[in-house]
Amino acid sequence: MTGEELLIAYAAGKRDFRDTDLFRADFNNADLSGASLFRCHLFRANLFRANLIGVNLYNADLVGANLYCANLSGANLSGANLTRADLTGADLSGADLSGVDLSGATLSLANLSYADLSRATLLKADFVEANLNHGNLKGVNLKDANLTDSTVQNANFTGAINISLDLLSYLQQQGAILST
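The numbering of the sequence shown is the working numbering, which starts it at 38 and goes up by one.
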């Protein structure tokens, strides 16, 4: 199925697109709110400024996807692979990102307030100026993650691993929760 075919089916009322191969599909400014893209293959897909509110992307493959300024508030991305994805300026507030792989992903200026990132891999992920306030980051892997100028007020980092001393100091100063 092509991206265009999916958009036509969505406009006709279809919402369940699980296990669909959408390799490099173009959803620039598309409205897919409430769709089920469960286990979809969205490798290098263009979701620039897409409306993905409440979308189910459980275990989806979003490697290298462009999600620049996409609205994913309340979306289920648990178990998804977002390696090297561009989520600059994306709204992920209240989203379920538990167990996701965000290795090498860019989340600068992203809103992750109240998001669940528990057990996520954030290896070399870029969170510069991201909003992580009240987020659940229990058990995350922070190896080489960049949280420069991010806000982490009441974000829970209990059990996080590979925290550098500089990052630990920053999290403490900014009001993050580091133990229960």
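The beta-carbon is built from N, C-alpha and C at its ideal position, and this holds for glycine as well.
Query	Result
Helix or strand or just coil, what does DSSP make of Asp203?	helix
Going residue by residue through the segment 93 to 126, where are the continuous alpha helix (DSSP H) segments of at least 4 residues, counting only ones entirely within it?	none
Name, in chain order, the residues that DSSP records as bridge partners for Thr39.	Thr39 pairs with nothing; no bridge assigned.
DSSP beta-bridge partners for His78?	Asp58, Asp98
Kindly identify the DSSP beta-bridge partner or partners of Ser130.	Partner(s): none; Ser130 has no beta bridge.
Taking its Cβ as the centre, do 16 or more other Cβ atoms sit within 10 Å of Asn65, making it buried, or is it exposed?	exposed
Assuming Thr188 and Asn170 make a contact with CB atoms under 8 Å, what is their CB distance in whole Å?	5 Å
Taking its Cβ as the centre, do 16 or more other Cβ atoms sit within 10 Å of Ala221, making it buried, or is it exposed?	There is no way to answer for residue 221, as the model of the chain reaches only from 38 to 217.
So, under 8 Å CB-CB, Leu73 and Leu89 are touching, yes? Tell me the CB distance rounded to an integer number of Å.	First, the residue type needs correcting, since residue 73 is Ser and not Leu in the sequence shown. Not quite, the Cβ-Cβ distance comes to about 12 Å (not below 8 Å), so this is no contact.
Measuring CB to CB, does Leu124 end up less than 8 Å from Leu144?	yes
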